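Using the working numbering, the first residue of the sequence shown is number 1, and each one after it goes up by one.
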Amino acid sequence: MPDITRFAPSPTGRLHLGHAYAAWSAAEAAGAAGRFLLRIEDIDASRCRPEFEAAILEDLAWLGLKWQQSLRRQSEHLAEYAGALGSLRALDLLYPCFCTRREIQDEIARAPSAPHGPDGPAYPGRCRVLAPVERAARIAAGEAYALRLDLAAALRRVGALRWHDHDRGWQDARPEVFGDIVLARKDSPASYHLAVVVDDAAQGVTLVTRGADLFPATHLHRLLQALLGLPVPEWRHHRLVADAQGKRLAKRDGATTLATLRAAGHSPDALRALAERSLLPL
Ligand code: GLU
Numbered sequence: 001m002p003d004i005t006r007f008a009p010s011p012t013g014r015l016h017l018g019h020a021y022a023a024w025s026a027a028e029a030a031g032a033a034g035r036f037l038l039r040i041e042d043i044d045a046s047r048c049r050p051e052f053e054a055a056i057l058e059d060l061a062w063l064g065l066k067w068q069q070s071l072r073r074q075s076e077h078l079a080e081y082a083g084a085l086g087s088l089r090a091l092d093l094l095y096p097c098f099c100t101r102r103e104i105q106d107e108i109a110r111a112p113s114a115p116h117g118p119d120g121p122a123y124p125g126r127c128r129v130l131a132p133v134e135r136a137a138r139i140a141a142g143e144a145y146a147l148r149l150d151l152a153a154a155l156r157r158v159g160a161l162r163w164h165d166h167d168r169g170w171q172d173a174r175p176e177v178f179g180d181i182v183l184a185r186k187d188s189p190a191s192y193h194l195a196v197v198v199d200d201a202a203q204g205v206t207l208v209t210r211g212a213d214l215f216p217a218t219h220l221h222r223l224l225q226a227l228l229g230l231p232v233p234e235w236r237h238h239r240l241v242a243d244a245q246g247k248r249l250a251k252r253d254g255a256t257t258l259a260t261l262r263a264a265g266h267s268p269d270a271l272r273a274l275a276e277r278s279l280l281p282l
């Protein structure tokens, strides 16, 4: 069966060569017979800008990539994320967390052996053990809260899970390293982890291609799919493009943008060759 793949950038800045490589990887994995989709991950309204979305479309067109219409914009699907949260809540797998970042840091500092997950230290669980009356009172008082997944309860519900990586084979899902992950933040209706599984299912994605930096996240995504009764795709985690110093390209480090490379006269083919030469080992 030909695959349905996607490229899922966030419009928080201009694309760099690492993005181009991710987009090429997804488009090629779909091949001529499959479908290559585009998703704009703009759920974080404070960091996303429409002009960056326009620039993404322009860069992809310049690279010669064609995606199937129509693109999916996360900000237009907030009700679906709320629905997924509702399903998890109905299973009694979510709890409100009122902790500030500072409180969590202090608690972790007091327990230096706290396990460290891919997204940072696992949450120590302060709000998991709050009495229901206290929860209700704090919500009624208007205190802001995030929603966390009760990971131990979630694992008890689904049991052992596996997922398949195209290059690395079958993996036993180990979402427990994340601890009680945030699925909705105080200031954002859904976390990346929740939105991505809802989106991939809604778009019918059968092969998730993305960077090797997101390999650990797949363990958690597999769990969320099981809890939400979503179809399970296959995954491929491609190598990352490094800069001249051997460090992975990142927007926050000011990686040279495709627009700058284009203005300097590089062709898409030359950039493809440069990306291939600059891949970090897996
Ligand atoms: N939006 C993510 C990024 O820009 C990609 C997420 C994914 O492919 O699952 O890194």
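C-beta: ideal position from N, C-alpha, C; glycine also.
All values derive from a computational prediction rather than experimental measurement.
Go ahead and pull the three-state DSSP assignment for residue i.
| i | result |
| --- | --- |
| Pro268 | helix |
| Val208 | strand |
| Ser46 | coil |
| Pro2 | coil |
| His238 | strand |
| Ser188 | strand |
| Gly159 | coil |
| Gln225 | helix |
| Gln105 | helix |
| Gly285 | The structure shown does not extend to residue 285, since the chain is modelled only from 1 through 282, so no value can be given for it. |
| Pro233 | coil |
Run through the DSSP bridge pairs and tell me what residue i is partnered with.
| i | result |
| --- | --- |
| Pro121 | His116 |
| Cys97 | Ala146 |
| Gly169 | Asp165 |
| Arg73 | Ile40 |
| Val182 | Arg148 |
| Thr257 | His16 |
| Gly279 | Inspection of the sequence shows that residue 279 is occupied by Leu rather than by Gly. Note: Leu279 sits in a beta bridge opposite Val241. |
| Arg248 | Ala242 |
| Phe7 | Leu38 |
Relative to the alpha-carbon of residue i, which residue among the options has its alpha-carbon at the smallest distance?
| i | options | result |
| --- | --- | --- |
| Arg89 | Leu151, Asp167 and Pro2 | Leu151 |
| Leu149 | Asp92, Asp167, Tyr21 and Arg102 | Asp92 |
| Pro96 | Arg135, Glu103, Glu107 and Asp59 | Arg135 |
| Leu60 | His221, Arg262 and Trp163 | Arg262 |
| Cys48 | Leu161, Arg168, Ala32 and Ser188 | Ser188 |
| Pro121 | Val129, Ala184, Leu130 and Ile108 | Ile108 |
| Cys99 | Arg126, Ser113, Ala82 and Ala84 | Arg126 |
| Pro115 | Leu57, Glu76, Val177 and Arg102 | Val177 |
| Ala30 | Leu220, Phe215, Val205 and Trp163 | Val205 |
| Ala154 | Gly142, Asp165, Asp119 and Leu227 | Leu227 |
| Gly254 | Leu94, Gly18 and Ala8 | Gly18 |
| Leu207 | Pro233, Ser191 and Thr218 | Pro233 |
| Ile181 | Ala140, Pro118, Gly159 and Arg239 | Pro118 |
Excluding five sequence neighbours on each side, which residues of the same chain lie with their C-beta closer than 6 Å to the C-beta of residue i?
| i | result |
| --- | --- |
| Glu53 | Pro11 and Ile40 |
| Ala242 | Arg248, Ser278 and Leu280 |
| Gln68 | Arg35 and Leu37 |
| Ala259 | Arg14 |
| His237 | Ala212 and Phe215 |
| Tyr21 | Val241 and Ala275 |
Near residue i, which residues of its chain fall below 8 Å by C-beta distance, leaving aside the five closest residues on each side in sequence?
| i | result |
| --- | --- |
| Ala111 | Pro124 |
| Leu194 | Tyr81, Ala84, Leu85, Leu183, Ala184 and Leu224 |
Kindly list the residues whose CB is nearer than 7 Å to the CB of residue i, restricted to its own chain and excluding five residues on each side of it in sequence; keep chain order.
| i | result |
| --- | --- |
| Arg367 | No information on residue 367 is available, as it lies outside the stretch 1 to 282 that the chain covers here. |
| Glu80 | Val198 and Ala202 |
| Thr257 | Arg14, Leu15 and His16 |
Does any heavy atom of the ligand MG sit closer than 6 Å to the C-beta of residue i?
| i | result |
| --- | --- |
| Tyr95 | No copy of the ligand MG occurs in the structure displayed; its ligands are the ligand GLU alone. |
Would residue i pass as an interface residue toward chain D - the criterion being a Cβ-Cβ separation below 7 Å?
| i | result |
| --- | --- |
| Val232 | This model lacks chain D altogether, as it is built from one protein chain only. |
Anything with a beta carbon under 6 Å from a heavy atom of the ligand GLU counts; list them all in chain order. Ala8, Pro9, Ser10, Glu41, Val196, Arg210 and Leu214
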